[in-house]
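Read in my numbering, the sequence shown has 278 at position 258, and its numbers run on one by one without any break.
Ideal placement from N, C-alpha and C gives every residue a C-beta, glycine not left out.
Notes follow the structure.
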Amino acid sequence: MPSRRTLLIGGAAVALAAGGAALALRPRAPVQRPPGVPVGPFGAKSTAADVTAGLDLSGHHYLVTGANSGLGLETARVLALRGAAVIATGRSVDKVAEALRGLPGRFLPVALELTDFDAVRRCADEVAAAAPRLDGLVCNAGIMELPRLEQVRGLEKQFVTNHLGHFVLVNRLLGRVLAAPQGRVVVVSSNSWRRAPPAGIEFDNLSGARGYDPAQAYGQSKLANGLFVRELARRLAPTAATANVVRPGVVLTNLGRHQPLKEFTGRLVGWTFMKSIPAGAATQVYVATHPSLARVSGQFFADCNPELMTGPMADDGLAARLWSVSTEITAPWLT
Ligand SMILES: NC(=O)c1ccc[n+]([C@@H]2O[C@H](COP(=O)([O-])OP(=O)(O)OC[C@H]3O[C@@H](n4cnc5c(N)ncnc54)[C@H](OP(=O)(O)O)[C@@H]3O)[C@@H](O)[C@H]2O)c1
Numbered sequence: 021m022p023s024r025r026t027l028l029i030g031g032a033a034v035a036l037a038a039g040g041a042a043l044a045l046r047p048r049a050p051v052q053r054p055p056g057v058p059v060g061p062f063g064a065k066s067t068a069a070d071v072t073a074g075l076d077l078s079g080h081h082y083l084v085t086g087a088n089s090g091l092g093l094e095t096a097r098v099l100a101l102r103g104a105a106v107i108a109t110g111r112s113v114d115k116v117a118e119a120l121r122g123l124p125g126r127f128l129p130v131a132l133e134l135t136d137f138d139a140v141r142r143c144a145d146e147v148a149a150a151a152p153r154l155d156g157l158v159c160n161a162g163i164m165e166l167p168r169l170e171q172v173r174g175l176e177k178q179f180v181t182n183h184l185g186h187f188v189l190v191n192r193l194l195g196r197v198l199a200a201p202q203g204r205v206v207v208v209s210s211n212s213w214r215r216a217p218p219a220g221i222e223f224d225n226l227s228g229a230r231g232y233d234p235a236q237a238y239g240q241s242k243l244a245n246g247l248f249v250r251e252l253a254r255r256l257a258p259t260a261a262t263a264n265v266v267r268p269g270v271v272l273t274n275l276g277r278h279q280p281l282k283e284f285t286g287r288l289v290g291w292t293f294m295k296s297i298p299a300g301a302a303t304q305v306y307v308a309t310h311p312s313l314a315r316v317s318g319q320f321f322a323d324c325n326p327e328l329m330t331g332p333m334a335d336d337g338l339a340a341r342l343w344s345v346s347t348e349i350t351a352p353w354l355t
């Protein structure tokens, strides 16, 4: 006879699954496209291999963070398959080397711990020494919805991992991005940016101490990803380099590790409404490589196509303020 606990978990899983299915079946409002940005032939079902079919990336150098798991691993795999030299980061060299073992192509595994800015600096120095140029820097690593408040240097951990660590990494490597004929920064955000606090970024609560909600804190960090790209694209405008932000869709990876019930449900019934990992990685690979996007910067992509940014995601003032606060916090690691 099933225990009360099993019944409760089963009931909750069914409810979550029904919610997921309802979401999948709900007619979506038509996507609004930003004017002047090319709409390509790919969509939600396209895979990273599909969007790079026929591309020869030999001679190109890419950096992918979080390359030992999920979307990062697939991104690294496909870039290398197309001939690129891929610098693949994991929290330890062994971890990422193990994940890449046996994959065809040229990889350099490098250690990157995003919550430790000294380690981010070491990683950037190692990458700069190894790659004369970066044709693409894919900021993919991330964590989601830590159940209880965790802090790093007194700041909420998702904000540090998902935004500030990448802020330091990208700024330290901009010289290498600019050294490529057309370098691209691609930052992986999420639709969860819509769950950010009403203020967008709570600059007076970056510690999370005044109040912490796991989903809202994740949302804030993913909004920060988009605002970072907005300001970066503005700064890169006089150059050939570009910066864009993507949302991959809902994909069954290890991202749910901090939310066991969602993780369990995903493993059970995710196939009914979630994307595969190859399809989830397609948008970031497309934006990092496709020739049609050489002049596209400061845009938001989903399902391999541009979407109009709205609300706080499109707030230039908020983007400028986030840049300035992030610079202030990480100043010792930027120079
Ligand atoms: N999966 C989805 O449905 C979904 C939806 C929207 C957005 N996204 C975004 O997609 C990106 C990739 O996520 P995923 O789904 O592929 O999840 P995943 O399988 O959990 O991969 C996340 C990667 O980030 C790394 N990472 C976590 N904390 C880190 C830290 N402190 N320093 C360095 N690396 C760290 C992980 O390393 P370890 O393995 O060592 O922890 C792992 O390599 C994330 O930015 C996520 O927010 C995913």
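- Item | Under 9 Å between C-beta atoms of PRO326 and GLN304 | Along the sequence shown, read from residue 1 onward, the residue named residue 326 stands at position 306. Along the sequence shown, read from residue 1 onward, the residue named residue 304 stands at position 284. No, the Cβ-Cβ distance between PRO326 and GLN304 is not below 9 Å.
- Item | TRP291, buried or exposed, once every other Cβ within 10 Å from all chains shown has been counted against 16 | Residue mapping note: residue 291 aligns to position 271 of the sequence shown, counting from 1. TRP291 is exposed by the Cβ-count criterion.
- Task: Assign GLY31 to one of three DSSP states: helix, strand, or coil.
- Result: Along the sequence shown, one-based indexing puts residue 31 at 11. Unreliable placement is indicated for GLY31, whose pLDDT of 45 sits below 50; the coordinate value is still reported in the next sentence. Looking at GLY31 - three-state DSSP - the assignment turns out to be helix.
- Does the separation of the CB atoms of PRO54 and GLN319 fall below 9 Å? On the sequence shown, position 34 is the one that residue 54 refers to. On the sequence shown, position 299 is the one that residue 319 refers to. Taking 9 Å as the Cβ cut-off, PRO54 and GLN319 qualify as a contacting pair.
- Query: If you draw a straight line from the alpha carbon of SER346 to that of GLU283, how long is it in whole angstroms?
  - Reply: Position 326 of the sequence shown, counting from 1, holds the residue named residue 346. Position 263 of the sequence shown, counting from 1, holds the residue named residue 283. When rounded, the distance between both Cα atoms is 32 Å.
- Near PRO332, which residues of its chain fall below 7 Å by C-beta distance, leaving aside the five closest residues on each side in sequence? The residue you call residue 332 lines up with position 312 of the sequence shown. The residues are ALA216, GLY220, LEU243, LEU338.
- Message: Just to confirm, is the Cβ distance from GLY86 to ALA199 under 9 Å?
- Response: For this step, residue 86 is matched to residue 66 along the sequence shown. For this step, residue 199 is matched to residue 179 along the sequence shown. In this structure, ALA199 does not lie closer than 9 Å to GLY86 by Cβ.
- Query: For the alpha helix (DSSP H) that VAL116 lies in, which residues bound it at each end?
  - Reply: Your numbering for residue 116 matches position 96 in the sequence shown. First-last of the alpha helix (DSSP H) with VAL116: 113 to 120.
- Task: Could you tell me which uninterrupted beta strand (DSSP E) segments, each at least 3 residues in length, are contained entirely in the segment 281 to 334, listed from first to last along the chain?
- Result: 320 to 322, 325 to 327
- Message: Check whether the segment 109 to 125 and the segment 168 to 180 touch, using three or more Cβ-Cβ pairs below 8 Å as the test.
- Response: no
- Residues near GLN178 by beta carbon distance below 7 Å, same chain, minus five either side: Mapped onto the sequence shown, residue 178 falls at position 158. Closer than 7 Å at Cβ, skipping near neighbours: ILE163, LEU166, ALA237, TYR238, SER241.
- Query: Do LEU132 and THR109 have their C-beta atoms within less than 9 Å of each other?
  - Reply: Position 112 of the sequence shown, counted from the first residue, corresponds to residue 132. Position 89 of the sequence shown, counted from the first residue, corresponds to residue 109. The answer is yes: Cβ separation under 9 Å.
- Cβ separation of ARG204 and ASP155, assumed to be a contact under 8 Å, to the nearest whole Å: In the sequence shown, the residue the question calls residue 204 occupies position 184. In the sequence shown, the residue the question calls residue 155 occupies position 135. Contact holds; Cβ gap of about 7 Å.
- Item | Residue range of the unbroken beta strand (DSSP E) whose run includes ASN274 | As a position in the sequence shown, residue 274 is number 254, starting the count at 1. Run containing ASN274: none; DSSP gives neither H nor E here.
- Using DSSP bridges, identify the partner residues of CYS159. Your numbering for residue 159 matches position 139 in the sequence shown. Answer by DSSP bridge pairing, in chain order: VAL207.
- Query: Within 10 angstroms of its Cβ, does GLU348 collect 16 or more other Cβ (buried), or is it exposed?
  - Reply: Here residue 348 is taken as the residue at index 328 of the sequence shown, counted from 1. When all chains shown are included, GLU348 counts as exposed.
- Query: Around the Cβ of GLY246, are there at least 16 other Cβ atoms within 10 angstroms (buried) or fewer (exposed)?
  - Reply: As a position in the sequence shown, residue 246 is number 226, starting the count at 1. That one is buried.
- Task: Tell me whether VAL84 sits in a helix, a strand or coil according to DSSP, three-state version.
- Result: Taking the first residue of the sequence shown as 1, we reach residue 84 at position 64. VAL84: strand per DSSP, three-state reduction.
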